[in-house]
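*Asks:* Residue numbers (this note's numbering), protein chains in the order written: chain A, 1 to 209; chain B, 210 to 622. Sharing a structure, written as structure tokens. Questions coming.
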Amino acid sequence: MTICVPLGALFSDAAAALGAAGADVEPLRNGGRRLVLRAGDGTAYITTRPSDVPTYVEAGAADLGIVGKDVLLERDPDVYELLDLGFGGCRMVYATPEGDDPTPAALEHLGAVRVATKYPEVARAHFAATGRQVEVVKVNGSVELAPLVGLAHGIVDLTATGRTLAENGLVEREEIFHSTARLIANRASYTLRLEEIDRFAARLAGDAS
Amino acid sequence: MGDVTAALPTGTRDVLPVEAAELGEIEGALCDAFASFGYRRVATPALELAGVLDRAQEGGLGAAYRLFDERGRVLALRPDLTVPAARLIATRMADHPGPVRVSYVASAFRPPTPGRAEAAEQRLAGVELVGADGPAADAEAIAVLAAGLGATGLSGFRVGLGSVELTGAVLGALALSEEAEARLRAALRARDHVTWREAASAAGVGGDAARVLAALPGMRGGAEVLEWVSAAVPDAAPAAERLRHTLELLDRHGGRDAVVIDLGVMRDWPYYSGVVIEAYAPDVGAPVAMGGRYDGLAARFGRPRPAVGVAIALEALHRGLAAQRADAEGLHDGVVLVGGMDDAVEAARATREAGIPVVALPRGSEEAEALAAAERWRFVARPDGAGYAVHDVARDERFTCQRLAEGLASRAA
């Protein structure tokens, strides 16, 4: 079985959860910078950026993957979402600079609010669902910078503790959703490796609950 | 803009001689298999009147390429083959005494979704069985599918069977609110089991029924799954019994080992009414075939008749065959059978009679994997309960089967 594990914030919790479910995670802990790792029990691990996990799993390069719900909502991949693993908790929020919220004025005078984000689909869906027009500016990092230098009125971004927002003088105005890590499965693998995946998911679920 | 001589519309591509020849062979094998069940080839136009296709389903046609004809009418490039085939059978073959058995090999066209690697043009080979109802017809359609896939040389494929009728009966029996049911259906379509379980526990039902509801999309296996559902939700028993009967008939068709009950199999298209079918092959991320029962469709074209059909995606199938060829090189299609010298002598004999070499070992032998590796045999098998646990070394996959000869034959090239 091949499992796609995200590098970054979820990595250590993901390795711990896989280990607790009985997978041989030794190579994940001591694999250094290698991107494909093979364990003694026949499990292979692919480590990628979190936003690439659904791509690998959807295409069948990995049978299973661990990924945040935020990435799933942004990408909407055609995969099975089997378990809420409980860790990696964070919130997707809309935030603007402290003081008066510039959103109502922007909507009134300009017709639309300009929002910088790494999650354009999530931002579009949120503003559409609340009946407001939005111009989404896609950025790839340091989203907090955008409203400070006049690129956007506000941002849609993920926050765990709210510290980065506060440090940059931003205030959360709206919560869009709460996100945790999920176990996802490739459609073909889910059927072809039914027994293996059901057994493994049950062990992971036992650990998660 | 630079050189445009190589440009094609998004999602389309050319097929060069080697691939075209291989696809042609696959089509030929499938058509021969379809013909052996008495399915006769038909063809429909690539362009249809959009209003006619719209009539087939409540939500309308959905994503399709549309254009105007010279009189200003809206045309659509057919986005699937089932609806045109149903139109053809209901209108041109209305007097046919039935059951009508037709097959097709043709392209369907869907505008590609941004960010997805899906092709805009999909070549499909399929069958429609119209005017025959019940498990016998369902089992035949699945048997034709399995025979077709087998005829192309594909091994290791699995066919998942769900039932829209069964899922609907469970939801109906629990008397859920409209909102709760809509939320559950949306979760099932998105294959989102996490949201399904949240919605199920929020739906406010108790007891056995609640346990079935929460577990429904993940319920997979054999007839025992169906027994569990009928015991907990009596209203779902008739639908479960039809599916169980289908399995029993498939056993007699010889395709049982490739089939698994999977109550999470669900389809976006609202015209399905009974069994739903999805087939998968190793190393292909998307289904190689899909289908199901859609009893209400023909009535929308003025000639109500029950119908079931399956369509095989030729490019996905071709990818599976190519991966299989690459994997199997250098391995012999034989099995090292633990217990083949004592406990499982009969299975060894049956497997040899099916043309697959059996290297027998005594019960409890620990040397099977090492022997298979040394002599380059593809399979290692051990008795497991009433059946056999098999390790397919070529694919590094483990599976179980009731009868060893059948389980291996469905995989061996």
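Just so you know, even glycine gets a beta-carbon here, dropped at the ideal spot from N, CA and C. In this text the structure is predicted, and so the values were computed from the model without any measurement.
Let me know the secondary structure DSSP gives A:Ser209 once reduced to three states.
*Replies:* Low local confidence applies: a pLDDT of 46 at A:Ser209 is under 50, so the model's placement there is unreliable, with the coordinate-based value given in what follows. Reduced to three states, the DSSP call for A:Ser209 is coil.
*Asks:* Residues of chain B with a CB under 9 Å from the CB of A:Asp63: which are they?
*Replies:* Within chain B, no residue comes near A:Asp63; the closest Cβ sits about 10 Å away, beyond 9 Å.
*Asks:* What does DSSP give as the partner residue(s) for A:Val115 in the beta ladder?
*Replies:* A:Val136 and A:Gly154
*Asks:* DSSP on B:Thr291, reduced to helix/strand/coil?
*Replies:* helix
*Asks:* Going along chain B, which residues have a C-beta under 9 Å from A:Arg193?
*Replies:* Glu606, Arg607 and Phe608
*Asks:* Could you give the DSSP three-state label for A:Phe127: helix, strand or coil?
*Replies:* In the structure shown, A:Phe127 sits in a helix (DSSP, three-state: H, G or I).
*Asks:* To the nearest angstrom, how far is the alpha carbon of A:Val115 from that of B:Val442?
*Replies:* Cα to Cα, the separation comes out at about 49 Å.
*Asks:* Under a CB-based cut-off of 8 Å, is B:Arg420 close to chain E?
*Replies:* Here the protein chains are A and B, and chain E is not one of them.
*Asks:* What does B:His166 reach in chain A if we use C-beta pairs closer than 8 Å?
*Replies:* Absent from the model: residue 166 of chain B. The displayed extent of chain B is 210 to 622, so no value can be given.
*Asks:* Give me the chain A residues within the contact set of B:Pro491, using Cβ-Cβ distance strictly less than 7 Å, ordered along the chain.
*Replies:* In chain order: Leu192.
*Asks:* When you compare the CB of A:Arg234 with every CB in chain B, is at least one pair closer than 8 Å?
*Replies:* Absent from the structure is residue 234 of chain A, since the part of chain A shown begins at 1 and ends at 209.
*Asks:* DSSP on B:Gln533, reduced to helix/strand/coil?
*Replies:* Note: B:Gln533 maps to helix in three-state DSSP.
*Asks:* Between the segment 375-384 of chain B and the segment 411-427 of chain B, are three or more C-beta pairs nearer than 8 Å?
*Replies:* yes
*Asks:* On the three-state DSSP scale, how would you describe B:His541?
*Replies:* strand
*Asks:* So, under 8 Å CB-CB, A:Gly65 and A:Ile3 are touching, yes? Tell me the CB distance rounded to an integer number of Å.
*Replies:* 7 Å
*Asks:* Identify which residue in B:Ala525, B:Pro491 and B:Ala520 has its Cα closest to the Cα of B:Arg604.
*Replies:* With respect to the C-alpha of B:Arg604, the residue from B:Ala525, B:Pro491 and B:Ala520 having the closest C-alpha is B:Pro491.
*Asks:* Between B:Leu458 and B:Ala345, is the Cβ-Cβ spacing less than 8 Å?
*Replies:* yes
*Asks:* Does DSSP put B:Arg509 in a helix, in a strand, or in coil?
*Replies:* helix
*Asks:* Is the segment 195-202 of chain A touching the segment 126-133 of chain A, taking contact as three or more C-beta pairs under 8 Å?
*Replies:* no
*Asks:* Can you pull the chain A residues whose beta carbon is under 8 Å from the beta carbon of B:Pro496, in chain order?
*Replies:* Arg187 and Ala188
*Asks:* Please return the same chain residues whose Cβ sits closer than 7 Å to the Cβ of A:Ser209, not counting the five positions on each side in sequence.
*Replies:* Low per-residue confidence applies at A:Ser209: pLDDT is 46, beneath 50, and the placement is therefore not dependable, though the value from the model is reported in the following sentence. Excluding positions up to five away in sequence, the list is empty.
*Asks:* The alpha helix (DSSP H) spanning B:Glu234 covers which residue range?
*Replies:* B:Glu234 -> alpha helix (DSSP H) spans Pro226 to Ser245.
*Asks:* Report the neighbours of B:Val469 on chain A: residues whose CB is nearer than 9 Å to its CB, in chain order.
*Replies:* Against chain A, the beta carbon of B:Val469 has neighbours under 9 Å at Thr191 and Leu194, listed in chain order.
*Asks:* Shortest alpha-carbon distance to B:Leu370 belongs to which of B:Ala355, B:Leu363, B:Ser364 and B:Gly359?
*Replies:* B:Ala355
*Asks:* When the cut-off is 8 Å and only beta carbons count, does B:Arg367 lie next to chain A?
*Replies:* yes
*Asks:* Does the segment 335-353 of chain B come within contact of the segment 402-421 of chain B, defined as at least 3 CB pairs closer than 8 Å?
*Replies:* no
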